[in-house]
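Chemist: Residue numbers (my numbering): 2 to 327.
What follows is the structure, encoded as structure tokens:
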């Protein structure tokens with residue numbers, strides 16, 4: 002695939018991330034665990050199928066908390082998830098956490114404005130409200146991290162799924178670090194760094210540089226360096242290396258993953274432009290984008306919204322932002 006074709010794709014790319022159409026129940030049963038009695042295995046299979054169906058239904062209805070609960074049932078089966086199931090799980094939690102992260106940024110911005118005006122009474126109320134949002138954020142993050150540690154990471158068999166789950170672990174520890182302070186922030190940052198590093202090691206050997214999951218990992222890992230560790234040089238180096246490696250292997254980019262891969266490459270390039278420009282120091286309204294930003298739409302990939310994930314994990318990332326993971 003020619004570089005000119007990539008640039009054209011980056012300019013016109015748009016992504017509409019909705020789950021596949023809800024299926025009917027005329028499918029063949031999934032493979033069963035031979036160690037279980039037939040009735041038990043069939044019951045488990047039906048339970049998973051029903052939960053996947055209900056998760057898709059909840060997504061269409063935009064009832065993401067229920068989508069999360071149904072996908073937790075699937076994850077707790079302690080079996081390797083399909084690509085579709087992984088994506089449903091990711092989308093469910095991203096929407097639940099994304100709404101709170103956006104709320105937190107808005108409330109924090111208002112708090113800062115009221116503090117600058119000396120409105121102590123309002124600031125007191127805002128702080129209490131912000132704490133409520135932070136408690137919700139913490140509960141959601143701990144919930145998915147528990148699912149990852151107890152079920153998904155241990156059940157991962159392929160390099161792709163291992164990278165996917167370690168990346169998710171890094172992402173949600175990063176979200177905790179966004180609002181945590183002192184020792185809690187340090188602990189969350191260290192756990193996020195370790196997970197991203199684990200994912201990077203596997204991705205380097207098991208996934209092509211053009212693979213969307215590997216690119217999404219590089220995108221979010223670079224945002225972690227920039228936003229959480231305040232290490233712009235490392236962030237730029239990581240993002241540039243991932244972009245250059247992908248450019249060098251465009252011929253391996255399949256039509257199936259073309260849109261996802263090129264969109265993330267665009268986000269990498271956008272962040273590099275932002276981080277290396279003089280405007281990066283003067284324009285607080287411009288947001289860095291990570292994978293979360295990609296899911297909202299390609300239009301938000303420019304990260305002009307103050308809610309970057311921040312562009313939701315990706316809409317945008319901290320005051321600075323994110324893309325779609327999967």
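No residue lacks a Cβ here, since even glycine has one placed at the ideal position from N, Cα and C. Please read all numbers here as calculations on a predicted model, not as lab measurements.
(1) Considering only C-alpha positions, which residue in the set 182, 145, 164 is nearest to residue 213?
(2) According to DSSP, is residue 211 part of a helix, a strand, or is it coil?
(3) Expressed to the nearest angstrom, what Euclidean distance is found between the alpha-carbon atoms of residue 138 and residue 254?
(4) Measure the Cβ-Cβ separation of residue 174 and residue 189 and say whether it is below 8 angstroms.
(5) Within its chain, find whatever has a CB closer than 8 angstroms to the CB of residue 40; leave out the 5 residues flanking it on each side and keep chain order.
(6) Are the CB atoms of residue 152 and residue 76 within a distance shorter than 8 angstroms?
(7) Using only alpha-carbon positions, find the residue among 72, 265, 159, 248 that is nearest to residue 222.
(8) In the DSSP assignment, the alpha helix (DSSP H) including residue 229 goes from what residue to what residue?
(9) In the DSSP assignment, find the alpha helix (DSSP H) that holds residue 328 and state where it starts and stops.
(10) Just curious, the alpha helix (DSSP H) that residue 267 is in, first and last residue?
(11) For residue 159, does the three-state DSSP call read helix, strand or coil?
(12) Provide the residue span of the alpha helix (DSSP H) that contains residue 110, from first to last.
(13) Within 8 angstroms, do at least three Cβ pairs link the segment 112-129 to the segment 84-99?
(14) With 16 other CB atoms within 10 Å as the buried threshold, where does residue 113 fall?
(15) Under 8 angstroms Cβ to Cβ from residue 104, same chain only, skipping five residues before and after it: list those, please.
(16) Grouping DSSP H, G and I as helix and E and B as strand, with all else coil, what is residue 64?
(17) Quick check on DSSP: helix, strand or coil for residue 58?
(18) Do you know whose CA, among 233, 195, 115, lies nearest residue 275's CA?
(19) Taking DSSP as the reference, what is the three-state secondary structure of residue 220?
(20) Which residue from 245, 48, 252 puts its Cα closest to that of residue 267?
(21) Just to confirm, are residue 258 and residue 225 a CB contact at a threshold of 8 angstroms?
(22) Since I believe residue 145 is in contact with residue 94 (beta carbons under 8 angstroms), could you give me their beta-carbon distance rounded to a whole number of angstroms?
(23) Run the CB neighbour count on residue 198, radius 10 Å, all protein chains shown included, and call it buried at 16 or more, exposed below.
(24) Measure the C-alpha to C-alpha separation of residue 68 and residue 82 and round it to an integer number of angstroms.
(25) Do you know how far the Cα of residue 108 is from the Cα of residue 219?
(26) For residue 203, name the three-state secondary structure that DSSP assigns.
(27) Put residue 181 into one of helix, strand or coil per three-state DSSP.
(28) Can you tell me which of the three DSSP states residue 79 falls into?
(29) Between residue 203 and residue 209, what straight-line distance do the alpha-carbon atoms span, to the nearest angstrom?
(30) Do you know offhand how far residue 248's Cα is from residue 131's?
(31) With distance defined between alpha-carbon atoms, name the residue in 171, 183, 72 nearest to residue 52.
(32) Helix, strand or coil, according to DSSP, for residue 137 in the structure here?
(33) Identify, in the order they occur along the chain, each residue of the same chain with its Cβ nearer than 8 angstroms to the Cβ of residue 111, setting aside the five sequence neighbours on each side.
Modeler: So, from the listed chains and residues:
(1) 164
(2) coil
(3) 36 angstroms
(4) yes
(5) Low confidence applies here, because residue 40 scores a pLDDT of 38, under 50, leaving its location unreliable; read the following figure in that light. Once the five neighbours on either side are set aside, residue 40 has no close Cβ partner at all.
(6) yes
(7) 265
(8) Neither: residue 229 is in no alpha helix (DSSP H) and is coded neither H nor E.
(9) This structure gives no information on residue 328, because the portion of the chain shown stretches from 2 to 327.
(10) 259-277
(11) coil
(12) 84-118
(13) no
(14) exposed
(15) 134
(16) coil
(17) helix
(18) 233
(19) helix
(20) 245
(21) no
(22) 5 angstroms
(23) exposed
(24) 16 angstroms
(25) 29 angstroms
(26) helix
(27) coil
(28) coil
(29) 11 angstroms
(30) 42 angstroms
(31) 72
(32) helix
(33) 127
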